[in-house]
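Letter by letter, the sequence shown follows residues 1230 to 1382 of our numbering. Contents: one structure, followed by commentary.
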Amino acid sequence: MNINLIKTLAAAVMLLLAGCDRIDSRTEYACQMSGETFRYKDGVRLGEPGIVTLSFSLTTYKWQKNYAISGTELLPEQTTRQIFLDAARSNPVEATYLLDKTDKDSKERVVSSLVLNSVSGDARIFHRRWIPPSEWRNSDQYLYSGNCKKLAG
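Below, the structure is given as structure tokens:
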């Protein structure tokens, strides 16, 4: 195969992948959720305790298997593009996005998820980072639940 043809095909694939956010149909939501965050460093709780209400934007895609959140700095773990749609836990009405990984060196486990009901708009966001079975001294955990209203497209 000609080297110029390979370069051209590679460039075309890169352009296609870079344009996925523009090509793929998306659904935009305005979300409002309440919950509490627990973050600990060296056994000391960071941030103020108590229930907070968050308002943010959520974007889901027809073909991409992840989502995008914007408008809140309180859920930084949810901005990763590593939380993917779990087809086994999802159905046509409720989508479950999940990340569950354990670092082999530190043994730290991270579980992050979003569950979104596309009919009612009910949604839950969960995150936990810890060293199993129960090390909390340097950990994060939150659960927010509420509703995501589909915006007119």
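Just so you know, even glycine gets a beta-carbon here, dropped at the ideal spot from N, CA and C.
Please report the straight-line C-alpha distance between residue i and residue j, rounded to a whole angstrom.
i, j, result
"ARG1353", "LEU1287", "12 Å"
"SER1341", "THR1237", "38 Å"
"SER1335", "GLU1364", "12 Å"
"ARG1274", "ARG1268", "6 Å"
"LYS1378", "THR1289", "12 Å"
"ALA1247", "ASP1253", "Model confidence at ALA1247 stands at a pLDDT of 49, short of 50, so the residue's coordinates are unreliable and nothing is read from them."
"SER1374", "SER1299", "17 Å"
"PRO1321", "LYS1270", "40 Å"
"ARG1347", "ASN1367", "The sequence shown places Ser at residue 1347, not Arg. Going by the C-alpha atoms only, they are around 35 Å apart."
"GLY1276", "ALA1317", "36 Å"
"PHE1313", "ALA1297", "11 Å"
"ALA1381", "ASN1233", "45 Å"
"LEU1345", "THR1301", "18 Å"
For residue i, which residues in the same chain have their Cβ closer than 8 Å to its Cβ, ignoring the five residues on either side in sequence?
i, result
"ASP1315", "THR1325, TYR1326, LEU1327"
"GLU1337", "THR1331, ARG1358, TRP1359, ILE1360"
"ILE1280", "SER1263, GLY1264, GLU1265"
My output table needs one value for residue i: the three-state DSSP class, helix, strand or coil.
i, result
"ILE1280", "coil"
"ASN1233", "helix"
"ALA1247", "For ALA1247, the predicted structure reports a pLDDT of 49, less than 50, and the residue's modelled location is therefore unreliable. The matter cannot be settled from this model."
"GLN1307", "helix"
"ILE1354", "strand"
"GLN1370", "strand"
"TRP1359", "strand"
"ALA1316", "coil"
"VAL1383", "Here the chain has residues from 1230 to 1382 only, and residue 1383 is not among them."
Tell me which residues share the same chain as residue i and place their Cβ nearer than 6 Å to its Cβ, disregarding the 5 neighbours each side in the sequence.
i, result
"VAL1339", "LYS1330, ARG1358"
"LEU1372", "GLY1264, PHE1355"
"ASP1392", "Residue 1392 cannot be examined here, being either before or after the span of the chain that is shown, 1230 to 1382."
Under the criterion of a Cβ to heavy atom distance below 7 Å, does residue i qualify as lining the ligand NAP?
i, result
"ASP1369", "Because no ligand of any kind appears in the structure shown, any question about the ligand NAP cannot be addressed here."
Mind reading off the beta-carbon distance from residue i to residue j? Whole number of angstroms is fine, and I expect it under 8 Å.
i, j, result
"LEU1343", "GLN1307", "7 Å"
Suppose the cutoff is 7 Å on Cβ atoms and the five residues either side in sequence are ignored; what does the same chain contact list for residue i look like?
i, result
"ASP1351", "ASN1376"
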